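Beneath this line is the structure, given in C-alpha cells, with notes to follow.
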Amino acid sequence: MVLQQVTLESKNKLGSLPGYVTAGDHKTGVIVIQEWWGVNEQIKNLAETWYGDKFVALVPDLYRGKVATDHEEAGHYFNDLDWPGAVQDIQAAVDYLKSKGVEKIGVTGFCMGGALTIAASVLVTGLSAAAPFYGIPSLELADPAKAKTPLQCHFGTKDDLKGFSDPEAQDKLEKLLKENNITYEFYRYDGADHAFVNELNTAKYNAEYTKQAHGRTVEFFQKYLN
Numbered sequence: 001m002v003l004q005q006v007t008l009e010s011k012n013k014l015g016s017l018p019g020y021v022t023a024g025d026h027k028t029g030v031i032v033i034q035e036w037w038g039v040n041e042q043i044k045n046l047a048e049t050w051y052g053d054k055f056v057a058l059v060p061d062l063y064r065g066k067v068a069t070d071h072e073e074a075g076h077y078f079n080d081l082d083w084p085g086a087v088q089d090i091q092a093a094v095d096y097l098k099s100k101g102v103e104k105i106g107v108t109g110f111c112m113g114g115a116l117t118i119a120a121s122v123l124v125t126g127l128s129a130a131a132p133f134y135g136i137p138s139l140e141l142a143d144p145a146k147a148k149t150p151l152q153c154h155f156g157t158k159d160d161l162k163g164f165s166d167p168e169a170q171d172k173l174e175k176l177l178k179e180n181n182i183t184y185e186f187y188r189y190d191g192a193d194h195a196f197v198n199e200l201n202t203a204k205y206n207a208e209y210t211k212q213a214h215g216r217t218v219e220f221f222q223k224y225l226n
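Its first residue numbered 1, the sequence shown is counted upward by one per residue in full-length UniProt numbering.
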C-alpha cells in the first residue's frame, strides 16, 4: 500500500497543506497527527501499517514539508507552531475525507500530535473518536472537559515531560474527563517513557507496548466508527 499525496484546503492563514492518504473505499477513516519531528517516514509507515487495511488513513502535514533531523530543529518547529492554525488543518483533513465519501472519522496523534488530538476532539467538527498518545493541550487551546468524542488515552508511567504528559498531568487529565462524564479509556503503560511507540527512538521504544496500543486503538476506532 502506498500513500498518495493530496492537497488539503485549510482556513489556516498559511493556506493549503499536503496530506498523505491510503487507498481504498472504506467508509471509515483515521487521521494520524505527527510528532514534533514532522511528517517523516516513521509516521507515514505507522498510518499505513496500523490503519491502512481497515480505514482510510490520512496524515496531514502540519509543518508543510519541513521535517526535523535533530532535537534542536524539532524544538524550533514545535515552538513556532500556530496551534489554533493546526486545529484548522485537522478540520481540513476531516473535510477532505468527508468529501471523498468517508462517513465516520477518528483521529490519533503522538506527542505534539497527541495534544492536538485532544484539541481536535474539543474543537473540530465531524469527528467520532479520538486516541491521543502522550500529549495534553493547554487549557487556553482546548479544555479536555469539553471533548465531543470518546477518548482513548495512552501514556507511559515514566514520561517526564512536566505539565504535558508526565504522571501528574495524566492524573489531572483523567480527573477532568471523569468529573465531566466524558466517555474515555485511559491506559498507563508501566515503565514506559515518552514516545514509546516510535521505533526510531531506540532508547524509549517498547515493542510489546506498541503492539498493545495498536490493537487497542484499532478496536476503539472499530467500536466508534462502525
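Even glycine gets a Cβ: it sits at the ideal position worked out from N, Cα and C. No experiment lies behind these values; they were computed from the predicted model shown.
Rounded to whole angstroms, the separation of the alpha carbons of Val-30 and Gln-170 is 24 Å. The three-state reading of DSSP puts Pro-18 in strand, counting E and B together. The continuous stretches of beta strand (DSSP E) do not include Lys-54, and DSSP gives it neither H nor E.
With a cutoff of 9 Å on beta-carbon distance, Asn-12 and Asp-82 are scored as near each other. Note on geometry: alpha-carbon atoms of Gln-34 and Lys-27 lie some 23 Å from one another.
Of Glu-103, Lys-104 and Gln-152, the smallest CA-CA separation from Ala-115 is found for Gln-152. Residue state for Pro-60 is assigned as strand, using DSSP reduced to three classes. The C-alpha of His-71 is placed about 15 Å away from the C-alpha of Thr-202. Of Leu-3, Tyr-184, Asp-61 and Asn-180, the smallest CA-CA separation from Gly-24 is found for Leu-3.
Given a length threshold of 3 residues, each whole run of the beta strand (DSSP E) inside the region 157–192 is given here in chain order: 184–189. For the pair Ala-74 and Trp-37, the CB atoms are nearer than the 9 Å cut-off.
Per DSSP, reduced to three states, the secondary structure at Gln-34 is coil, with no helix or strand assignment.
Here Ala-192 is near Lys-158, since their CB atoms are less than 9 Å apart.
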